[in-house]
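Counting in the numbering used here, the sequence shown runs from 0 upward without gaps. Glycine included, C-beta positions come from ideal geometry on N, C-alpha and C. Bear in mind that the values here come from a model prediction, so they are computed numbers and not experimental data.
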Amino acid sequence: MVATTNHSHTHEASQTQTDRVAVLLMGYGEVEKYEDFATYNEQALNLLTAKFAPVPTWLYPPLAKLLAMFDLHEWGHQHHNFISPHNAIFERQRAGIEKTLQDRWGDRVQVFKAFNFCPPHLPHQVLQQIHDAGFQKVLIYPLLVVDSIFTSGIAVEQVNQALSQIQIGKETSQPWLQDLRYIPSFFNQPDYIHLLADLVRQEIQTTLASTYLPSQIGIVLMNHGCPHKAKGFVSGIEESEALYQQVREQLVNQYPLISIGWLNHDTPLIEWTQPNVYQAAKNLITLGAKAIVMMPIGFATENHETLLDVHHIIHRLEKSASDVQCIQMDCVNDHPAFLDMAANWAMPQIKSLFESSSDPSVAWGGAARTSHHAHAHPHA
Numbered sequence: 000m001v002a003t004t005n006h007s008h009t010h011e012a013s014q015t016q017t018d019r020v021a022v023l024l025m026g027y028g029e030v031e032k033y034e035d036f037a038t039y040n041e042q043a044l045n046l047l048t049a050k051f052a053p054v055p056t057w058l059y060p061p062l063a064k065l066l067a068m069f070d071l072h073e074w075g076h077q078h079h080n081f082i083s084p085h086n087a088i089f090e091r092q093r094a095g096i097e098k099t100l101q102d103r104w105g106d107r108v109q110v111f112k113a114f115n116f117c118p119p120h121l122p123h124q125v126l127q128q129i130h131d132a133g134f135q136k137v138l139i140y141p142l143l144v145v146d147s148i149f150t151s152g153i154a155v156e157q158v159n160q161a162l163s164q165i166q167i168g169k170e171t172s173q174p175w176l177q178d179l180r181y182i183p184s185f186f187n188q189p190d191y192i193h194l195l196a197d198l199v200r201q202e203i204q205t206t207l208a209s210t211y212l213p214s215q216i217g218i219v220l221m222n223h224g225c226p227h228k229a230k231g232f233v234s235g236i237e238e239s240e241a242l243y244q245q246v247r248e249q250l251v252n253q254y255p256l257i258s259i260g261w262l263n264h265d266t267p268l269i270e271w272t273q274p275n276v277y278q279a280a281k282n283l284i285t286l287g288a289k290a291i292v293m294m295p296i297g298f299a300t301e302n303h304e305t306l307l308d309v310h311h312i313i314h315r316l317e318k319s320a321s322d323v324q325c326i327q328m329d330c331v332n333d334h335p336a337f338l339d340m341a342a343n344w345a346m347p348q349i350k351s352l353f354e355s356s357s358d359p360s361v362a363w364g365g366a367a368r369t370s371h372h373a374h375a376h377p378h379a
């Protein structure tokens, strides 16, 4: 019996050693070469703006070039040749999450990064790499907070498009991908909510507590702006509001002046979430705030919105309320606690993929049963 048990255990181990999972960590990506602005904008228009703005598709190329001119003026002239740190931070996030996962599973798990809008890391390019490396199981992991068609949803859209492209030209009709899992969002994860609140408390204690009473410190918790009407798509408002409410509950007893603030895109003819960050700060100042802390909670990774847009808002506030101190906080980025929790959120889904069948017909749950029913029908 002992010999049989050991043999069985060894057999299971050898099977699992050949079973591998690719984690597809997905973010927006941001321009690092200014000549890429137009391409980036056209990608964003096709994947995002088309879902809520009444803009005909033939306008996308010229509109993308026009927007690129505004981007060049803002990044190059107004902000001294600004280059977004987003991609570098995202790589550190990828590496940190991979290290924790490989501490548990070794090289059976590998984390790949994909950017929604930036080659050479577009999802179809990275999925081709995953396919060529021999992976047959994938965890789709958008590293964004709000689950909606505008954030995590476009990750699934791009993966589906990529899988169709990769399947074309294969000799077999059997899908190369045996199974996949998906992490939609972490807006309601308690450890993320506690981390956000702790970071705000630490910032206040370090920079403001010795100068202002708690009731004189306003906190704007910043979410990604959402359109109210989006051609029937869910835009993520409910998830963003739920995230805000949970962080607010952690802080409000000590710091009563707290408001949600939406980082909106000023798109004509579109009704955006309110109050925007500037209005939220003004409201808190009206209620007696002498200092304003701006904390991005709807973004896990720094980007031009959390940096440049917030910088512009603070500049406007300094003009209208010069006696109010403004603090601009960072996203969680590659904070060690965040990387640990992000890896831990992935572990149950990776475990599920390891435990799923290696038989594609069983994993996909359709081919064998379809064949069976096709033959059984005449006998019914």
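Practice prompt. Would you list, in sequence order, the uninterrupted beta strand (DSSP E) runs of no fewer than 3 residues that lie entirely inside the stretch 73-125?
Written response: 108-114
Worksheet item: Are three or more beta carbon pairs between the stretch 147-160 and the stretch 231-244 nearer than 8 Å?
Response: yes
Practice prompt. Look at the Cβ atom of residue 256, then the Cβ atom of residue 286, and state whether they are nearer than 7 Å.
Written response: yes
Worksheet entry | contact_flag[the stretch 111-131, the stretch 51-65] where n(CB pairs < 8 Å) is 3 or more | no
Fill in: Beta-carbon contacts of residue 224 that lie in its chain and below 8 Å, excluding the five residues immediately before and after
261, 262, 263, 264, 271, 272, 275
Worksheet item: If residue 33 sits next to residue 74, beta carbons under 8 Å apart, how far is it from one beta carbon to the other, in whole angstroms?
Response: 7 Å
Worksheet item: Should the stretch 238-257 be regarded as contacting the stretch 183-199, the criterion being three or more beta carbon pairs within less than 8 Å?
Response: yes
Worksheet item: How many Å lie between residue 345 and residue 319 at the Cα?
Response: 45 Å
Discussion item. Nearest by alpha-carbon distance to residue 221: which of 29, 35, 327, 23 is it?
Written reply: 327
Discussion item. Out of 186, 92, 217, 315, which one is the CA nearest neighbour of residue 111?
Written reply: 92
Discussion item. For residue 325, list the residues DSSP reports as bridge partners.
Written reply: 291
Worksheet item: Among all the DSSP beta bridges, which residues are the ones paired with residue 136?
Response: 178
Fill in: Within 7 Å, strictly: CB atoms of residue 139 and residue 23
yes
Worksheet item: Looking only at DSSP bridge pairs, what is residue 259 linked to?
Response: 220
Item to complete: Work out the CA separation of residue 311 and residue 317 for me, nearest whole Å.
Response: 10 Å
Worksheet item: Does the Cβ-Cβ distance between residue 389 and residue 325 come in under 7 Å?
Response: The question about residue 389 has no answer here: the residues shown for the chain are numbered 0 through 379.
Worksheet item: residue 284 and residue 323 look like a contact to me (Cβ under 8 Å); what is the Cβ gap, rounded to whole Å?
Response: 6 Å
Worksheet item: Out of 182, 214, 307, which has the shortest C-alpha to C-alpha gap to residue 351?
Response: 182
Worksheet item: Smallest Cα separation from residue 353: which of 158, 179, 302, 115?
Response: 179
Worksheet item: Roughly how far, in whole angstroms, is the beta-carbon of residue 20 from the beta-carbon of residue 136, given that I think they are within contact range, below 8 Å?
Response: 5 Å
Fill in: Inter-residue Cα distance where the pair is residue 122 and residue 209
48 Å
Item to complete: Determine which residues share a DSSP beta bridge with residue 25 and list them.
Response: 113, 141
Practice prompt. Compare the beta carbon distance of residue 196 and residue 249 with 7 Å and say whether it is the shorter of the two.
Written response: yes
Worksheet item: Among 307, 313, 68, which has the Cα closest to the Cα of residue 78?
Response: 307
Discussion item. Let's test the definition: count the other Cβ atoms within 10 Å of the Cβ of residue 25 and tell me whether it reaches 16, buried, or not, exposed.
Written reply: buried
Discussion item. Are the CB atoms of residue 31 and residue 59 within a distance shorter than 7 Å?
Written reply: no
Fill in: Residues of its chain near residue 134, where Cβ-Cβ distance is below 8 Å and the 5 sequence neighbours each way are ignored
19, 20, 21, 109
Worksheet item: Terminal residues of the continuous alpha helix (DSSP H) containing residue 304?
Response: No alpha helix (DSSP H) holds residue 304; DSSP gives it neither H nor E.
Worksheet entry | Classification of residue 157 by the beta-carbon crowding that lies within 10 angstroms, buried from 16 upward | buried
Worksheet entry | Option nearest residue 48 by Cα separation, candidates 94, 253, 269 | 269
Worksheet item: With C-beta atoms as the reference, is residue 96 less than 7 Å away from residue 341?
Response: yes
Practice prompt. In angstroms with no decimal places, state the Cα-to-Cα distance between residue 227 and residue 219.
Written response: 21 Å
Practice prompt. For residue 271, write down the residues that DSSP places opposite it in a beta bridge.
Written response: 226
Worksheet item: Just to confirm, are residue 410 and residue 85 a CB contact at a threshold of 7 Å?
Response: This structure cannot settle anything about residue 410, because the visible part of the chain is limited to 0 through 379.
Discussion item. Just to confirm my understanding: we take residue 81, look at its own chain, exclude 5 residues before and 5 after, and list those with CB closer than 6 Å. What are they?
Written reply: 74
Practice prompt. In the DSSP assignment, find the alpha helix (DSSP H) that holds residue 355 and state where it starts and stops.
Written response: From DSSP, residue 355 is part of no alpha helix (DSSP H); its letter is neither H nor E.
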